Structures are given as structure tokens and as C-alpha cells.
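A.B. asks: What follows is a single structure, and I will ask about it in a moment.
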Ligand code: GCO
Ligand code: MG
């Protein structure tokens with residue numbers, strides 16, 4: 007029996023921070039897992055290095071489920087983003103190893119392809135409506151069939167989700183930038199610019215929008231109702247999801263489809279949302295929700311309730327997570343859509359072999375495992391630097407929900 011011989015926690019910052027776990031077996035097979043928790047990266051690095059790595063040495067790398075249960079049940083304190091991201095990194099690395107040992111891509115181990123490719127949505131944004139429309143046009147020309155649209159709310163200092171340069175990196179400053187927020191300005195403006203997108207491009211395009219948890223349930227209900235005729239693919243994170251039953255109120259008022267879950271890390275965090283059919287798309291990911299093993303469990307529960315997948319895929323999820331996401335997306339029966347932001351050229355210097363993007367679809371690599379390799383030399387050129395997401399303050403200076 008091969009055993010786990012070496013466990014390394016790799017931290018690099020090629021344009022943004024990434025924490026990667028690399029597991030090596032006594033047979034010399036390596037597996038990669040993403041462990042990046044944006045803005046709190048080193049907490050997961052320490053959790054892995056100090057508390058998990060010593061438990062893995064000598065274990066059988068083939069026992070993925072048992073290792074998952076060992077780390078989840080054995081910690082005593084369960085769930086939470088730090089724990090679930092750490093478990094995810096181990097889990098994904100072990101799936102990568104299993105695929106390499108079997109000589110098969112990971113999606114074959116999950117039951118094989120249910121579809122040829124994975125529909126993705128990209129991010130269009132603009133400092134004003136005209137810039138947003140130009141950006142949507144540019145993405146359409148590149149072949150994207152689904153586009154998320156966000157524009158800067160007039161009069162506010164900075165709107166989250168609006169790209170400044172060629173690449174959009176939400177965690178861009180050494181300390182959190184303070185951005186202003188006004189719910190009334192947003193509620194007046196967002197339906198207006200989404201209508202402009204429909205007016206210009208018609209309905210032959212999937213149109214998405216991210217509310218970033220900013221609204222109360224009744225405000226979200228009003229927003230959903232006000233954009234019903236625009237037939238959004240979804241409105242994302244209309245209200246913070248800690249309070250799962252809050253979505254009942256939104257549901258009572260609008261048929262605009264709802265997506266949530268990018269900050270949620272276990273099946274328990276989405277259980278009520280799924281079993282009461284309060285959402286249409288679940289956005290949990292392999293990296294923050296316990297790896298491929300646990301994500302598959304969440305997606306299977308969702309399938310029972312006709313809820314589809316729509317995994318988070320922002321730039322803070324490394325190419326290892328993109329490969330894991332596409333492996334799951336291509337296999338599950340209830341796939342909906344996959345977020346795709348892509349990464350900077352620096353990031354691709356470190357991570358080689360990312361899934362192929364063609365005509366608005368992602369295609370997995372046919373290499374055994376996840377098909378991603380980590381370039382240590384390139385990684386060493388990009389040392390860790392603290393980077394934070396912005397925070398939002400209402401106009402009276404009080405902290406606002408994300
Ligand atoms: C999205 C997001 C991201 C997140 C970011 C946090 O892509 O839908 O909301 O921009 O805020 O990934 O780290
Ligand atoms: Mg989001």
C-alpha cells in the first residue's frame with residue numbers, strides 16, 4: 007500500500023494570493039488541492055500546516071471518504087470556512103492522486119461526462135451604463151453566452167464588482183478599502199441598467215446580476231419583482247444567507263430566480279434553502295465547501311429538489327479549483343452554470359493546464375487527475391503579500407452587509 011509521505015502548504019501571490027496543498031505519496035504521485043480563503047489565507051495555511059499535515063503522514067491516500075470523515079468528525083468543532091477549506095484542500099488533492107493512479111481524469115471517477123462542456127458566465131461591468139454596454143458587447147464577441155452585469159452606482163465612492171483594468175481583482179489593497187453604499191441609490195439604478203442591457207442585446211443572452219448580500223429580504227423581494235420582465239438568469243446573493251428562512255419572504259414576492267451559497271461551506275448551511283426550494287441555484291464550491299466529496303453531496307441533495315448548480319468561480323479560486331469545479335460540473339445531472347473570471351498571466355505561470363475555454367464553455371483536460379501542475383520556480387517569484395477585500399459602509403458611516 008502506498009502511503010502519504012509528504013504534505014506541503016504552498017503560498018504564492020502571482021497577482022493575488024493562493025494557498026495550495028501538495029500531497030506526495032510513497033510511490034511519488036502528487037496531488038494538488040486549493041486552500042485559498044480570500045483575505046484570511048494564512049489561517050487556512052496554519053490549520054493545514056500545524057493541525058492537519060501531521061495527521062496525514064502514513065495514511066492510505068486511496069481512502070478519500072475515510073480521510074474526509076476523519077478530518078470533519080475528528081476536529082470536534084465542525085464546519086466553518088477555515089475548517090471546510092482545509093478539508094477541501096486535502097480532499098481535492100486525494101482525488102487528483104486517485105485519478106493519476108487510475109490513469110483517468112477525475113470526472114471519469116465521478117461517473118463520467120453528463121455533457122460535452124460546461125456553460126460559463128463571465129463578468130461585464132462599467133463605471134457607467136455606456137461602459138457596461140461596451141463591455142457586454144466585447145464579451146459577446148468573445149463567444150460568451152451568459153454574462154453578469156454590474157455598473158458603478160452614481161455618487162458612491164466605489165462599487166464592488168466593477169472592474170478597473172484588464173483584470174478584476176476584488177482583493178487589491180494591503181488594508182481593506184472602505185466603499186460607500188446606499189441601498190436606495192442601488193435600487194433605483196440597477197433595474198435601469200439591466201433594462202438597458204436587454205434593450206441593446208435582446209433576450210438571446212443569459213443575463214445575471216450579483217447583489218452581493220446587500221439587501222434586506224423585503225428590499226430583495228422588491229428588486230426581484232422590479233426586474234421580472236428582464237428575465238434574469240438569476241439574482242445572486244440578494245440577502246445574507248445566515249438566516250436561511252429569510253428567503254421565504256423573497257420567494258413569496260418574485261419569480262426572479264435566486265442563486266446563493268458562495269460563502270457557505272457545508273450541506274447544513276444550505277439544507278433549508280434546498281429542502282424548502284427557496285433558491286434555484288446553489289453556489290457552493292469545491293474549495294470552500296469541503297472538496298469534491300462534500301460538494302457532490304450538496305449537489306445530490308439539490309437535485310432532489312430540482313435545484314441546479316452554479317458554483318462560484320471568481321479569481322480568488324485557484325486554477326486547481328477551476329479544474330475540480332469543471333470535473334464535478336461535467337459529471338452531475340443537475341448542472342446549471344459555472345462562474346468563470348479567468349486569471350492573470352502571472353497566475354498561469356504558476357498553475358499550468360487549466361480547463362480549455364471555447365465559445366463560452368469550459369472543457370476539462372483529459373490528463374489523469376485534475377490535469378494541473380504547480381511550477382515552484384515561478385511561484386517563488388511571487389512572495390505572499392497581505393491583500394484584503396473592500397468593506398462597505400452606509401452613508402452614515404455604519405458598516406453594511408457585504
Ligand atoms: C462573485 C463574487 C466574488 C466574491 C469574491 C470574494 O464572483 O460572485 O461575489 O467577487 O466577492 O470571490 O472573495
Ligand atoms: Mg457573488
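In the working numbering, the protein residues as written are 7 to 408. Glycine included, C-beta positions come from ideal geometry on N, C-alpha and C. All figures in this text were calculated on a predicted structure; none of them were measured in a lab.
1. With DSSP collapsed to three states, give me the class of residue 319.
2. Apart from the five residues on each side of it in sequence, which residues of its chain come closer than 6 Å, Cβ to Cβ, to residue 311?
3. Can you list, in chain order, the residues of its chain whose CB lies under 7 Å from that of residue 252, leaving out five sequence neighbours each side?
4. From the DSSP output, in three-state form, read off residue 241 for me.
5. Are residue 116 and residue 302 closer than 8 Å when you measure CB to CB?
6. For residue 13, which residues from the same chain have a beta carbon less than 6 Å from its beta carbon, with the 5 sequence-adjacent residues on both sides left out?
7. Ignoring anything shorter than 3 residues or poking outside the region 255–294, list the beta strand (DSSP E) runs there in chain order.
8. Any idea what DSSP makes of residue 400, helix, strand or coil?
9. Distance check for residue 379 and residue 370, CA to CA, integer angstroms please.
10. Do residue 44 and ligand 1 come close, with the Cβ less than 7 Å from some heavy atom?
11. Quick one: Cα of residue 297 to Cα of residue 201, how far?
12. Measuring CA to CA, which of 158, 102, 183 and 7 is closest to residue 27?
13. Work out the CA separation of residue 135 and residue 152 for me, nearest whole Å.
14. Round the Cβ separation of residue 64 and residue 9 to the nearest angstrom and send it over; I've been treating them as touching at under 8 Å.
15. CA-CA distance, residue 353 and residue 258?
16. Tell me which same chain residues have a C-beta within less than 7 Å of the C-beta of residue 182, skipping the five on either side of it?
17. Using a Cβ-Cβ cutoff of less than 6 Å, which residues in the same chain neighbour residue 45 once the five nearest sequence positions on both sides are dropped?
18. Only counting the same chain, and skipping five residues up and downstream in sequence, which positions put a Cβ closer than 7 Å to that of residue 225?
19. Considering just the uninterrupted stretch of the alpha helix (DSSP H) at residue 82, what are its terminal residues?
20. Figure out for me which residue from 278, 308, 321 and 82 has the closest Cα to the Cα of residue 293.
C.D. replies: Concretely, from the data shown:
1. Residue 319 sits at position 313 when you count from the first residue of the chain shown. For residue 319, the secondary structure class from DSSP, reduced to helix, strand or coil, is coil.
2. By one-based count along the chain shown, residue 311 stands at place 305. Taken in chain order, the residues that qualify are 280 and 283.
3. Locating residue 252 in the chain shown gives position 246, counting from the first residue. The residues 223 and 245, in chain order, have a CB closer than 7 Å to that of residue 252 in the same chain once the five nearest residues on each side in sequence are set aside.
4. Indexing the chain shown from 1 puts residue 241 at position 235. When DSSP states are grouped into helix, strand and coil, residue 241 belongs to the strand group.
5. Residue mapping note: residue 116 aligns to position 110 of the chain shown, counting from 1. Residue mapping note: residue 302 aligns to position 296 of the chain shown, counting from 1. Residue 116 is a Cβ neighbour of residue 302, given a cutoff of 8 Å.
6. By 1-based counting over the chain shown, the position of residue 13 is 7. Counting only Cβ-Cβ distances below 6 Å, and skipping sequence neighbours, we find 29, 59 and 62.
7. Those beta strand (DSSP E) runs which fall completely within the region 255–294 and span 3+ residues are 264–266.
8. In the chain shown, the residue the question calls residue 400 occupies position 394. Note: residue 400 maps to strand in three-state DSSP.
9. Numbered from 1 along the chain shown, position 364 holds the residue referred to as residue 370. Numbered from 1 along the chain shown, position 373 holds the residue referred to as residue 379. Their Cα atoms are separated by approximately 14 Å.
10. For the purposes of this step, residue 44 is taken as residue 38 along the chain shown, with counting starting at 1. Annotation for residue 44 indicates a beta carbon within 7 Å of some heavy atom of ligand 1.
11. Taking the chain shown and counting its residues from 1, one reaches residue 297 at position 291. Taking the chain shown and counting its residues from 1, one reaches residue 201 at position 195. Taking the straight line joining both Cα atoms gives about 38 Å.
12. Against the chain shown, residue 27 aligns to sequence position 21. Of the candidates 158, 102, 183 and 7, the one whose C-alpha sits nearest the C-alpha of residue 27 is 102.
13. On the chain shown, residue 152 is found 146 positions in, with the first residue counted as 1. On the chain shown, residue 135 is found 129 positions in, with the first residue counted as 1. One C-alpha to the other measures close to 18 Å.
14. For the purposes of this step, residue 64 is taken as the residue at position 58 of the chain shown. For the purposes of this step, residue 9 is taken as the residue at position 3 of the chain shown. The Cβ separation is near 5 Å, so the contact holds.
15. The residue labelled residue 353 in the question sits at position 347 within the chain shown. The residue labelled residue 258 in the question sits at position 252 within the chain shown. Going from the Cα of residue 353 to the Cα of residue 258 covers about 43 Å.
16. Here the question's residue 182 lines up with position 176 in the chain shown. If you ignore the 5 residues before and after residue 182, its C-beta comes within less than 7 Å of the C-beta of 394, 395, 396 and 397, all in its own chain and listed in chain order.
17. As a working note, residue 45 is residue 39 in the chain shown. In its chain, beyond the 5 residues on either side, 177, 394 and 395 have a beta carbon closer than 6 Å to the beta carbon of residue 45.
18. By 1-based counting over the chain shown, the position of residue 225 is 219. Here the set comprises 189 and 193.
19. Your numbering for residue 82 matches position 76 in the chain shown. DSSP places residue 82 in no alpha helix (DSSP H); its state is neither H nor E.
20. One-based indexing of the chain shown puts residue 293 at position 287. It is 321 whose Cα lies nearest to the Cα of residue 293.
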